[in-house]
Amino acid sequence: MTHKLIPALLASALLAATPSLALAQAAPTAATAQQGQATKVVLDASSRILNTLQTRKAEFNKDPGALRTYIDSELNRTFDRDYAARLVLGANARGASDADVKLFADAMADNLMQRYGSALLTIQGKPSFRAKSETALPNGRGMRVATELVRSGSESTPVEYLMRQVNGQWKIFDVNIEGISYVQTFRTQFDAPLRQKGIKQVAADLRAGSMQAGPAGNGK
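Residue numbers for the sequence shown follow our numbering, so the first one is 12 and each next one is one higher.
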């Protein structure tokens, strides 16, 4: 389960945020009600996404474009894609325009959706999704929502969401799966190509498929 989760969870800005949501059905309890708003966003999204994937599975299998449209809508709703892209770009974002950052963010997400989007439709069973804690990030950067995926007969998988408020709404900007950070993973992968080629060319390569993002992508 873990080896299958990590590629999907790190697949794109949205697939970093939502396959873990989609692979687990939220189980609200009295304790959940005591959690903060950031945790509530995660739990609400998990139920919404799982239910949609189940009810529209036949449609999405028949029409991959509809799946991509749905995922993109969830991306805009739950994930701070451009901020996450700036973190991935790191030093390479210095002096970059908002348009270039968005170009990179969209190209990476689209590339990863092409590779891993169908994984969302192969979910088997209904693992439980359990909130563990919510703690403030240093320097007022937001919140860390600690959760775990629980399956019968298997060890739980820890998943942490780093979130910040955007226009009064909590949005995810990084995901840690068993200690593996989405932002750090892609920052390491893309650092050399970005330094050599620049943001626009890397985005073009991702769009063309000559560079692959995600596990085993190696930035090539």
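Beta carbons are placed, not taken as given, at the ideal position from N, Cα and C, and that holds for glycine.
Specify the secondary structure class of residue i as computed by DSSP and reduced to three states.
{"i": "D83", "result": "helix"}
{"i": "Q180", "result": "strand"}
{"i": "D111", "result": "helix"}
{"i": "M154", "result": "strand"}
{"i": "M119", "result": "helix"}
{"i": "D74", "result": "coil"}
{"i": "S129", "result": "helix"}
{"i": "A224", "result": "coil"}
{"i": "R218", "result": "helix"}
{"i": "Q141", "result": "This sequence places Arg at residue 141; Gln is not what is there. Three-state DSSP puts R141 in a strand."}
{"i": "R88", "result": "helix"}
For residue i, collect the residues of the same chain with a Cβ closer than 6 Å to its Cβ; drop the 5 residues on either side in sequence, then sort them by chain order.
{"i": "R198", "result": "V99 and G101"}
{"i": "G47", "result": "E145"}
{"i": "Q45", "result": "Because the pLDDT at Q45 is just 40, under 50, the model does not fix this residue reliably, and the point stays unresolved."}
{"i": "G153", "result": "M174 and R175"}
{"i": "V52", "result": "W181"}
With residue i as the anchor, note down where its beta strand (DSSP E) starts and where it stops.
{"i": "D55", "result": "No beta strand (DSSP E) contains D55, which is instead part of the alpha helix (DSSP H) from Q48 to T66."}
Could you check where the alpha helix (DSSP H) with residue i kicks off and where it finishes?
{"i": "P204", "result": "Y193 to K208"}
{"i": "D93", "result": "R92 to L100"}
Output yes or no for whether 8 Å exceeds the beta carbon distance between residue i and residue j.
{"i": "Y172", "j": "V156", "result": "yes"}
{"i": "N122", "j": "R206", "result": "no"}
{"i": "L54", "j": "A142", "result": "yes"}
{"i": "T89", "j": "I183", "result": "yes"}
{"i": "V112", "j": "D91", "result": "no"}
{"i": "L148", "j": "K68", "result": "no"}
{"i": "M124", "j": "I82", "result": "yes"}
{"i": "L78", "j": "G151", "result": "no"}
What distance in whole Å lies between the Cβ atoms of residue j and residue i, which are believed to be in contact at a cut-off of 8 Å?
{"i": "F115", "j": "V213", "result": "7 Å"}
Check whether chain D comes within 8 Å of residue i, counting only Cβ atoms and requiring the distance to be less than that.
{"i": "G179", "result": "Chain labels in this structure do not include chain D; a single protein chain is all it has."}
Sorted by chain position, which residues of the same chain lie with C-beta nearer than 7 Å to residue i's C-beta, five sequence neighbours on each side aside?
{"i": "R97", "result": "A104 and V112"}
{"i": "K211", "result": "D111 and L114"}
{"i": "V177", "result": "D91"}
{"i": "D74", "result": "none"}
{"i": "T50", "result": "A142, E145 and V156"}
{"i": "S192", "result": "D185"}
Between which residues of its own chain and residue i is the CB-CB distance below 8 Å, once the five residues before and five after are set aside?
{"i": "K208", "result": "D216"}
{"i": "D109", "result": "D93"}
{"i": "R218", "result": "A118, D121 and N122"}
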